[in-house]
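Just so we're on the same page, the numbering used here is the position in the sequence shown counted from 1, plus 2.
Worksheet: the structure to be examined is printed underneath.
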Amino acid sequence: MCGILTLGCTRFSPEFVTVVDDHRQLTTETNTTLIQSIQEEINSTSNAEKSEALEDLKERLEIISKQSEVIDKFVQDNLTPEQLAVLLSAKWK
Numbered sequence: 003m004c005g006i007l008t009l010g011c012t013r014f015s016p017e018f019v020t021v022v023d024d025h026r027q028l029t030t031e032t033n034t035t036l037i038q039s040i041q042e043e044i045n046s047t048s049n050a051e052k053s054e055a056l057e058d059l060k061e062r063l064e065i066i067s068k069q070s071e072v073i074d075k076f077v078q079d080n081l082t083p084e085q086l087a088v089l090l091s092a093k094w095k
């Protein structure tokens with residue numbers, strides 16, 4: 003994963019930055035919905051083993067969402083002003 007980020011950041015392309023941002027957004031939206039559904043299932047079950055497995059799944063989804071946010075922040079924070087200008091220009095085309 004680090005290699006992809008390094009390559010994407012050193013050989014800048016607006017498409018790479020856009021894909022990373024889209025990935026963060028879709029991951030967060032999807033995982034938020036799944037976490038809500040899992041929480042409802044946890045609240046409605048009396049099976050301790052099932053509840054524990056669902057809690058584990060919920061934690062993993064939260065970690066994946068946080069990872070996608072960190073990756074997006076890394077990419078955004080490492081843009082030069084020139085790269086940012088190209089990115090903004092590409093988004094408005």
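Every residue gets a Cβ at the ideal spot worked out from N, C-alpha and C, and that includes glycine.
Worksheet item: Under a Cβ-count criterion, where at least 16 other Cβ atoms within 10 Å of its own Cβ denotes burial, should Ile-65 be classed as buried or exposed?
Response: As a working note, residue 65 is residue 63 in the sequence shown. Exposed, by the Cβ-count rule.
Discussion item. I'd like to know whether the C-beta atoms of Asp-23 and Asp-74 end up nearer to each other than 7 angstroms.
Written reply: As a working mapping, residue 23 is identified with position 21 in the sequence shown. As a working mapping, residue 74 is identified with position 72 in the sequence shown. Taking 7 angstroms as the Cβ cut-off, Asp-23 and Asp-74 qualify as a contacting pair.
Worksheet item: Skipping 5 residues on each side, what residues in its chain have a beta carbon closer than 7 angstroms to that of Glu-43?
Response: The count along the sequence shown starts at 1 and reaches residue 43 at position 41. Within the same chain, Glu-43 has close Cβ partners Leu-56.
Worksheet item: So which of Val-88, Asp-58, Leu-81, Leu-86 has the shortest CA-CA distance to Leu-36?
Response: Sequence index remark: in the sequence shown, residue 36 carries index 34 (1-based). Closest by alpha carbon: Asp-58.
Fill in: Residue interval of the alpha helix (DSSP H) (run including Thr-34)
Here residue 34 refers to the residue found at position 32 when the sequence shown is read from its first residue. Going by DSSP, Thr-34 is part of the alpha helix (DSSP H) stretching over 16 to 46.
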